[in-house]
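Quick notes on the structure that follows.
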Amino acid sequence: MTHRPVSTPLADFRKWAFIVLVVLANAGCGVGFFYNNLDRLVRWELDSVLAMTPDQEAFFEAEFADLWRWHRTHELPRYANDLGRWAERFGGAVTPADIDELFVTLEGWWLRLEAKGTPFAAEFLRSLDDEQVSSLAQALEESNADWEKQEKGKPVGAVRKAWRKDFESILKRFTGPLTQEQRALIADAAERYQPERQLWADYRRRWQRDLFILLERRHEAEHFTAGFERLVKDQKTYYGERFAEVEAANEALVKTAVAEVLSDASPKQRDRLRDTLNDRAEQLRALAANAEDMESASE
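Residue numbers (the working numbering): 3 to 301.
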């Protein structure tokens, strides 16, 4: 369970979902700090990839402000309601169906954001000059290399140990300390994890290859926009058979492990999980309620 203004393999759903879970688990009052500074964080990320012209800067700031306003007013209340529903549901016995619904909901969060942001991303990409396209290609390949090196060439045992450590770290921030039995469940799951990051990087390269072919005709507005929308929608066709198999197996593994650990949660852990989710829900509602104040301050 990964972001730049351009969508899909530049910001895959599962990486994005992982970031969301880490923020929700760790942030406390930092949720507000992170969200209220999102424009700066995204801008810093973009500046690290390419140098924008003044016209591009103006376009980015205006379009990102619109996207951000939509997200704050339309999506944050939805997220808060979802978190409240999970808090109630996970306060009792957790079933595999509950975890399936959780994943579907998280993916829905991403798909709505992706759909809303795709026209913005397409228009921004169309504005790039040749030097900026070259800079983007270099940055994406560096990102691919960083992603794959986390597992590339490492013994399977070491990769699985790292997976188990990450899994435990996120989960216990929602539930508090894990029991010996829960840690054993996670250790057993880790032994079935299949290294995937090399496969994931290769999939990203296949998608990005076609993106850069499309960018060669970026000055043909209708052709580029339609092509980019297809790339966004059809990203899974770039997986390849092996990655599709491994990705599906690892996702099923995560779902099963979460369901098993939470079904074995103690009353204290359930209280901690419920309180954490409810607390984050209230923070998101407060952020959404601040939209009008921000509008006034910007005028």
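C-beta atoms are modelled at their ideal positions from N, C-alpha and C, and glycine is treated no differently.
Quick caveat: nothing in here was measured; it's all calculated off a predicted structure.
Under the three-state reduction of DSSP, residue 196 is assigned to coil, being neither helix nor strand.
Distance from the Cα of residue 272 is smallest, within the candidate group 173, 249, 232 and 62, for 173. In this structure, the alpha-carbon of residue 73 lies about 37 Å from that of residue 163. Taking each of 115, 230 and 169 in turn and checking the Cα distance to residue 256, the smallest one comes out for 169. The Cβ atoms of residue 231 and residue 241 do not sit closer than 8 Å to each other.
Under the criterion of beta carbons closer than 8 Å, residue 176 and residue 278 qualify as touching, at roughly 5 Å. Taking the C-beta atoms as reference points, residue 98 is found no nearer than 8 Å to residue 287.
In the structure shown, the three-state DSSP call for residue 266 is coil.
Shortest Cα-Cα distance from residue 150 to any of 207, 265, 179 and 66 involves 207. Here residue 234 is near residue 116, since their CB atoms are less than 8 Å apart. Under a 10 Å Cβ-count criterion, residue 119 is classified as buried, with 16 or more other Cβ atoms of the shown protein chains found around its own Cβ.
In this structure, DSSP gives residue 94 a state outside helix and strand, which the three-state scheme calls coil. Listed in chain order, the non-local C-beta contacts of residue 65 below 7 Å within the same chain comprise 122, local neighbours out to five positions each way being set aside. For residue 232, the enclosing alpha helix (DSSP H) has its first and last residue at 223 to 235.
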